[in-house]
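J.: Encoded as structure tokens, here's the structure I'll be asking about.
Protein chains: 2
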Amino acid sequence: MTLNRDGSVGYLTNLAGRLLVRELERHLSPLGLSPAHMPVLLALDDGSALTQKALTERAGVKQATMTATLTRMERDGLVTILPNPEDGRSTLVALTPLALDKIPAVAAAATAINALVLEQLTPEERSQFFGLIKRIIAVLETQDGAART
Amino acid sequence: MTLNRDGSVGYLTNLAGRLLVRELERHLSPLGLSPAHMPVLLALDDGSALTQKALTERAGVKQATMTATLTRMERDGLVTILPNPEDGRSTLVALTPLALDKIPAVAAAATAINALVLEQLTPEERSQFFGLIKRIIAVLETQDGAART
DNA sequence: GTCATTTACATAGCTTGCTATCTAAATACA
DNA sequence: TGTATTTAGATAGCAAGCTATGTAAATGAC
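Each protein sequence line maps, in turn, to chains A and B. Residues -12 to 136 (my numbering) are what the first sequence spells out, left to right. Residues -12 to 136 (my numbering) are what the second sequence spells out, left to right.
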């Protein structure tokens, strides 16, 4: 093993990301929800409606991924997807009462996981971590945007 | 949006992880390789053979995930999977010459991505980041292990 | 006003992750 | 020795990520 994973930003960040998804999955599955639903739930938790495009941007996933996630959420009675009267190409997505009812429990799960991780860190370390990971995201988003050109 | 993603360890870490995978994918696809191959390639790059169990542990994925990845790699001529003469339950996995030939390019890709990200950070920030993410991983692995009980 | 381009979403097909469960070999122990 | 347990992989089935491509509506250029 020439390259070692202990010095690899990619390996470590990816592993941490997957472990966080597993943990969130454990909290959400009793609610009939899963991690990919989170950005949609949080964006629409005030009962508003957004286009698929807006949700795609907030979630940081590709458009086709969001279409698939929303299709499953509609199938499971979590969202309604209606034509946008202002633009025949787009749709407006809103949470159903079933999903809105679950919001408090979702918020509690998100808070609990954040706390589980952050309580290991001092306040200074927390802001270091947030600052560093956001800078890493910024570099990678630049690369990702450039690749699309 | 009651909870915001800017203060969510999960959202940010997961996003960074996915952006890193996308970047690695861009480097590896011209080689006929993909991100999930990396832990296998790095573990066996000296021509040695390891059991599937050992590879599973190094990659940090579940056993069934590794079986699927190795099956695809075998299909694509990247690994050989042979019965372990020492234990009839297990198998020994080794890279083929085709895969071994690609190792230098794989190492270059890994180094380039690491450098792309890390050159944005001061040496002190780099060690901060590694220290913090490893502590986060440690907490989550404890949770993950406990859930299996 | 018409045609080309752009935009929003849908669809197809793949990989990679997961859980749950099955089989067969090895190990433990009574 | 013989049965029970544990362990290593395989298999099935699903979710969620991706790329590439198709379709229909909106926009823009003339």
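Every residue gets a Cβ at the ideal spot worked out from N, C-alpha and C, and that includes glycine.
Using a Cβ-Cβ distance under 8 Å, would residue 42(A) count as near chain B?
T.: The sequence position of residue 42(A) within the first sequence is 55, counting from 1. No, its Cβ sits nowhere closer than 8 Å to a Cβ of chain B.
J.: Whole angstroms are fine: how far does the CA of residue 39(B) sit from the CA of residue 50(B)?
T.: Within the second sequence, residue 50(B) is the residue found at index 63, counting from 1. Within the second sequence, residue 39(B) is the residue found at index 52, counting from 1. Going from the Cα of residue 50(B) to the Cα of residue 39(B) covers about 8 Å.
J.: In angstroms, rounded to a whole number, what distance separates the CA positions of residue 119(A) and residue 128(A)?
T.: Position 132 of the first sequence, counted from the first residue, corresponds to residue 119(A). Position 141 of the first sequence, counted from the first residue, corresponds to residue 128(A). CA-CA distance, residue 119(A) to residue 128(A), rounds to 14 Å.
J.: For residue -8(A), count the other beta carbons within 10 Å of its own beta carbon; 16 or more makes it buried, fewer makes it exposed. Which is it?
T.: Numbered from 1 along the first sequence, position 5 holds the residue referred to as residue -8(A). Buried, because 16 or more other Cβ atoms sit within 10 Å of the Cβ of residue -8(A).
J.: Nearest chain A C-beta to residue 112(B) closer than 8 Å, yes or no?
T.: Walking along the second sequence from the start, residue 112(B) turns up at place 125. At least one chain A Cβ lies under 8 Å of residue 112(B).
J.: Note down, in chain order, each residue of its chain lying with its Cβ closer than 8 Å to the Cβ of residue 8(A), except the 5 sequence neighbours on either side.
T.: What you label residue 8(A) is simply residue 21 of the first sequence in a count that begins at 1. So the list reads 22, once near-sequence residues are dropped.
J.: Tell me, please, whether the CB atom of residue 47(A) is closer than 8 Å to any CB atom in chain B?
T.: Indexing the first sequence from 1 puts residue 47(A) at position 60. Residue 47(A) counts as touching chain B.
J.: Under three-state DSSP, which class holds residue 87(B)?
T.: Stepping through the second sequence from its first residue, residue 87(B) is reached at position 100. Three-state result, residue 87(B): helix.
J.: Taking only three categories from DSSP, how would you classify residue 109(A)?
T.: Working through the first sequence from its first residue, we reach residue 109(A) at position 122. It is coil, neither helix nor strand.
J.: So with CB distances below 7 Å, who are the chain B contacts of residue 21(A)?
T.: As a first step, residue 21(A) is located in the first sequence; it is residue number 34 there, counting from the start. Simply none; closest approach about 13 Å.
J.: Specify the secondary structure class of residue 144(B) as computed by DSSP and reduced to three states.
T.: A question about residue 144(B) goes unanswered here, because the residues of chain B that appear run from -12 up to 136.
J.: Please return the same chain residues whose Cβ sits closer than 6 Å to the Cβ of residue 154(A), not counting the five positions on each side in sequence.
T.: The first residue shown for chain A is -12 and the last is 136, placing residue 154(A) beyond what the model contains.
J.: When DSSP labels each residue in this structure, what does residue 20(B) get in the three-state scheme?
T.: In the second sequence, residue 20(B) corresponds to position 33, counting from 1. Reduced to three states, the DSSP call for residue 20(B) is coil.
J.: How many Å lie between residue 83(B) and residue 83(A) at the Cα?
T.: Numbered from its first residue, the second sequence carries residue 83(B) at position 96. Numbered from its first residue, the first sequence carries residue 83(A) at position 96. In a straight line, the C-alpha of residue 83(B) is about 53 Å away from that of residue 83(A).
J.: Would you tell me roughly how many angstroms separate the C-alpha atoms of residue 68(A) and residue 45(A), rounded to the nearest one?
T.: Translated into the one-based positions of the first sequence, residue 68(A) becomes position 81. Translated into the one-based positions of the first sequence, residue 45(A) becomes position 58. If I take the Cα positions, the gap works out to 17 Å.
J.: From the DSSP output, which residues share a beta bridge with residue 66(B)?
T.: Counting from one through the second sequence, the residue named residue 66(B) turns up at place 79. DSSP, once it has assigned bridges, lists 82(B) as partnering residue 66(B).
J.: Taking only beta-carbon positions, decide if residue 89(B) is within less than 8 Å of chain A.
T.: Taking the second sequence and counting its residues from 1, the one referred to as residue 89(B) is at position 102. No - not a single Cβ of chain A is within 8 Å of the one on residue 89(B).
J.: When the Cα atoms are used, what is the spatial distance from residue 30(A) to residue -2(A)?
T.: As a first step, residue 30(A) is located in the first sequence; it is residue number 43 there, counting from the start. As a first step, residue -2(A) is located in the first sequence; it is residue number 11 there, counting from the start. Distance between the alpha carbons of residue 30(A) and residue -2(A): 30 Å.
J.: Classify residue 5(A) as buried or exposed, calling it buried when 16 or more other Cβ atoms lie within 10 Å of its own Cβ.
T.: Within the first sequence, numbered from 1, the residue matching residue 5(A) stands at position 18. Residue 5(A) should be labelled buried.
J.: If I'm right that residue 47(B) touches residue 2(A) with Cβ under 8 Å, what's the distance once you round it to whole angstroms?
T.: On the second sequence, residue 47(B) is found 60 positions in, with the first residue counted as 1. On the first sequence, residue 2(A) is found 15 positions in, with the first residue counted as 1. Confirmed, Cβ separation roughly 5 Å.
J.: Nearest to residue 11(B) by CA position, among 112(B), 122(B) and 97(B), is which residue?
T.: Within the second sequence, numbered from 1, the residue matching residue 11(B) stands at position 24. Closest in alpha carbon position to residue 11(B), among 112(B), 122(B) and 97(B), is 97(B).
J.: Near residue -12(B), which residues of its chain fall below 8 Å by C-beta distance, leaving aside the five closest residues on each side in sequence?
T.: What you label residue -12(B) is simply residue 1 of the second sequence in a count that begins at 1. Confidence at residue -12(B) is low in this model, with a pLDDT of 49, below 50, so its placement is unreliable and the value that follows should be read with caution. Answer for residue -12(B): no residue qualifies.
J.: Any idea what DSSP makes of residue 31(B), helix, strand or coil?
T.: Your numbering for residue 31(B) matches position 44 in the second sequence. Coil at residue 31(B), not helix or strand.
J.: Any Cβ of chain A within less than 8 Å of the Cβ of residue 39(B)?
T.: Counting from 1 along the second sequence, the entry for residue 39(B) is found at position 52. Chain A, which has no Cβ nearer than 8 Å to the Cβ of residue 39(B), makes this no.
J.: Taking C-beta pairs closer than 8 Å, name the residues in chain B that residue 126(A) reaches, listed in chain order.
T.: Taking the first residue of the first sequence as 1, we reach residue 126(A) at position 139. Those are 103, 104 and 107, listed as they occur along chain B.
J.: Does the CB of residue 120(B) have a neighbour CB from chain A at under 8 Å?
T.: The sequence position of residue 120(B) within the second sequence is 133, counting from 1. So, interface residue.
J.: What does residue 38(B) pair with, by DSSP beta-bridge criteria?
T.: The residue you call residue 38(B) lines up with position 51 of the second sequence. Answer by DSSP bridge pairing, in chain order: 79(B).
J.: Identify the contact partners of residue 6(A) in chain B, using a Cβ-Cβ distance below 7 Å as the criterion.
T.: Within the first sequence, numbered from 1, the residue matching residue 6(A) stands at position 19. Within chain B, the residues near residue 6(A) are 124, 127, 128 and 131.
J.: Listing by chain order, which chain A residues have their CB less than 7 Å from the CB of residue 1(B)?
T.: As a working note, residue 1(B) is residue 14 in the second sequence. Per Cβ cutoff of 7 Å: 4, 7 and 8.
J.: Cβ closer than 9 Å: which chain A residues qualify as neighbours of residue -3(B)?
T.: In the second sequence, residue -3(B) corresponds to position 10, counting from 1. Under the 9 Å cutoff, chain A gives 4, 7, 8, 10, 11, 22, 25, 97, 100, 101 and 104.
J.: Just by C-beta distance, which residues in the segment 50 to 71 of chain A are closer than 8 Å to chain B?
T.: Residues: none.
J.: Can a CB atom of chain A be found closer than 8 Å to the CB of residue 134(B)?
T.: In the second sequence, counting from the first residue as 1, residue 134(B) sits at position 147. So yes, residue 134(B) belongs to the interface.
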